[in-house]
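Each residue of the sequence shown is one higher than the one before, counting from 1 in UniProt numbering.
Heads up, the beta-carbon is just placed ideally off N, CA and C, and yes, glycines get one too.
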Amino acid sequence: MMKGRENNLQTSHNHLKSSNPKQSVLSEIQAQGNQEHPIKPVFNGSSALVKKEHNSRADNLNDAKKSNELMPPPRMPVATKPTEAINVQKPEISQEKKETVKPQQTRSEDKNKKKQWVITDFDIGRPLGKGKFGNVYLAREKRSKFIVAMKVLFKDQIIKADIEHQVRREIEIQTHLRHPNILRMYGYFYDDTRVYLILEYAPNGELFKELNKQPNKRFDEIRAATYISQLADALKYCHTRKVIHRDIKPENLLLGVNGELKMADFGWSVHAPSSRRETLCGTLDYLPPEMVNGQTHDHTVDLWGVGVLTYEFLVGQPPFLADTYNETYNKIKKASYKCPSYLSSGAKDLISKLLVVKPEDRLTLDGILNHPWIVKNRTTEPTKDSSKRS
1 MMKGRENNLQ
11 TSHNHLKSSN
21 PKQSVLSEIQ
31 AQGNQEHPIK
41 PVFNGSSALV
51 KKEHNSRADN
61 LNDAKKSNEL
71 MPPPRMPVAT
81 KPTEAINVQK
91 PEISQEKKET
101 VKPQQTRSED
111 KNKKKQWVIT
121 DFDIGRPLGK
131 GKFGNVYLAR
141 EKRSKFIVAM
151 KVLFKDQIIK
161 ADIEHQVRRE
171 IEIQTHLRHP
181 NILRMYGYFY
191 DDTRVYLILE
201 YAPNGELFKE
211 LNKQPNKRFD
221 EIRAATYISQ
231 LADALKYCHT
241 RKVIHRDIKP
251 ENLLLGVNGE
261 LKMADFGWSV
271 HAPSSRRETL
281 CGTLDYLPPE
291 MVNGQTHDHT
301 VDLWGVGVLT
311 YEFLVGQPPF
321 LADTYNETYN
331 KIKKASYKCP
341 SYLSSGAKDL
351 ISKLLVVKPE
361 DRLTLDGILN
371 HPWIVKNRTT
381 EPTKDSSKRS
């Protein structure tokens, strides 16, 4: 049967090993040229997520402890003008220092100077995964020893695929989001050939991999309801800020250090304050009817995605899975699916209120958070006011 899942990255849970300070990380990365060869690790560790193509499903990827901010590297020294040639008979060195180094001015300049990250600020560890446009590595900021996931994108492939705007949008959106169920992007930097995204590290890996470990590849209703509640809470935060994710699926969700859900991949997300969108994006199994029919769409596409995800969590496969693309499209257009008899009436009710052809008739995020099945089964409570988090 057609799965449409693209190969992702394999992950592991090895403990970190000490870094090799004599190893030149920059030279190893540059030595890759324009090829997607793995970087020789400075230390070893676990795994994280990498971006996948929008029309495919994936095979597996694998957050150090949650931190509010990535600690900065050592403060850069203030540049001084080079000392000119000095007459030996009339030395002026001390005078020049007095004119160049002014303590009060130096403190002000350092305070206002924004740190520009470079690859040598990090120890690069083992590869966590490989994608079409680059790789993800475990990394450690040298000064603070803070663990992150480093997503390395190749500029030539980004340009070739004409997705510069998509990468820029992903950075602009994710760096401004602050929610316990959204993966942090601490910052980014770039060189002549690559773009580096500094991401929160999710040590428990990809939710899709966890789902496939379960008996019959499905979660029990308590675990499914907990994840859906956390996702709905994060989406409520996004929608309040006019951000639509547009690519909800297990491969784009990670598990944090305490097993909490983390929305991770914002490659297809968009900031749409007032307009309806026309772009066909996302993964086939999760496409809503309005996209399949070539109509405009809005934030309600994420509600459909939550419905498909709830079904897959409980059944082990998407609701519109079929042998051919056309069959899947036809099922989506009619919202034609069947629920197994073992699903509870509460779960069936929630799914039926989300997988609705007319976008305006779908259950809202508040409706999901307050749905009896969710309230009864979830093990965590939503944030008190996710719409006001900063």
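Measuring alpha carbon to alpha carbon, tell me which of the options ends up nearest residue i.
| i | options | result |
| --- | --- | --- |
| aspartate 191 | Lys155, Leu183, His176 | Lys155 |
| phenylalanine 320 | Leu314, Thr310, Ile248, Ala335 | Ala335 |
| alanine 139 | Leu253, Tyr201, Thr328 | Tyr201 |
| proline 382 | Leu211, Ala232, Tyr342 | Ala232 |
| residue 391 | Thr310, Tyr286, Lys249 | Summary: the structure shown does not reach residue 391, with the chain confined to residues 1 through 390, and so no result is reported for it. |
| proline 250 | Val308, Gln295, Leu235, Ala234 | Val308 |
| valine 243 | Gly129, His176, Ser341, Thr120 | His176 |
| leucine 128 | Leu369, Leu183, Ala149 | Ala149 |
| isoleucine 163 | Val195, Val136, Phe189, Asn326 | Val195 |
| glycine 367 | Thr296, Leu199, Tyr286, Leu303 | Leu303 |
| lysine 151 | Gln174, Lys145, Leu199 | Leu199 |
| residue 411 | Ile124, Asp123, Tyr237 | The first residue shown for the chain is 1 and the last is 390, placing residue 411 beyond what the model contains. |
| glutamine 174 | Arg241, Thr380, Arg218, Thr296 | Arg241 |
Does the distance from the CB of residue i to the CB of residue j come in under 9 Å?
| i | j | result |
| --- | --- | --- |
| glutamine 157 | glycine 134 | yes |
| histidine 239 | histidine 299 | yes |
| leucine 197 | tyrosine 227 | no |
| aspartate 220 | aspartate 247 | no |
| residue 391 | arginine 362 | Residue coverage of the chain in this structure runs from 1 to 390, which leaves residue 391 outside it and unanswerable. |
| leucine 365 | leucine 235 | yes |
| leucine 284 | threonine 328 | yes |
| glycine 305 | histidine 245 | yes |
| leucine 369 | serine 229 | yes |
| residue 393 | methionine 263 | No answer is possible for residue 393: it lies beyond the span of the chain, which begins at 1 and ends at 390. |
Taking the straight line between their C-alpha atoms, what separation do you get for residue i and residue j?
| i | j | result |
| --- | --- | --- |
| valine 118 | glutamate 206 | 28 Å |
| proline 147 | glutamate 210 | Rather than proline, the amino acid found at residue 147 in this sequence is isoleucine. Looking at the two C-alpha atoms, the distance is approximately 22 Å. |
| methionine 291 | lysine 338 | 22 Å |
| proline 340 | valine 315 | 7 Å |
| phenylalanine 208 | glutamine 116 | 35 Å |
| glycine 360 | glycine 294 | The identity of residue 360 in the sequence shown is glutamate, whereas the question assumes glycine. Their backbone Cα atoms lie some 17 Å apart in a straight line. |
| methionine 185 | glutamate 170 | 10 Å |
| alanine 347 | tryptophan 373 | 6 Å |
| isoleucine 222 | valine 136 | 32 Å |
| asparagine 212 | phenylalanine 313 | 10 Å |
| glycine 131 | lysine 160 | 15 Å |
| aspartate 121 | valine 301 | 40 Å |
| lysine 142 | arginine 126 | 16 Å |
| serine 352 | serine 345 | 10 Å |
| lysine 384 | asparagine 204 | 25 Å |
| isoleucine 332 | leucine 287 | 8 Å |
| arginine 378 | asparagine 326 | 36 Å |
| threonine 193 | asparagine 216 | 44 Å |
| aspartate 123 | threonine 380 | 36 Å |
| histidine 297 | glutamate 172 | 21 Å |
| phenylalanine 189 | asparagine 330 | 44 Å |
| lysine 145 | arginine 168 | 28 Å |
| glutamine 214 | histidine 371 | 25 Å |
Which whole-angstrom value describes the C-beta separation of residue i and residue j, a residue pair presumed to lie in contact below a C-beta threshold of 8 Å?
| i | j | result |
| --- | --- | --- |
| proline 289 | valine 357 | 5 Å |
Are there three or more Cβ pairs, one per stretch, closer than 8 Å when the segment 308-322 is compared with the segment 254-261?
With fewer than three CB-CB distances shorter than 8 Å, the segment 308-322 does not count as touching the segment 254-261.
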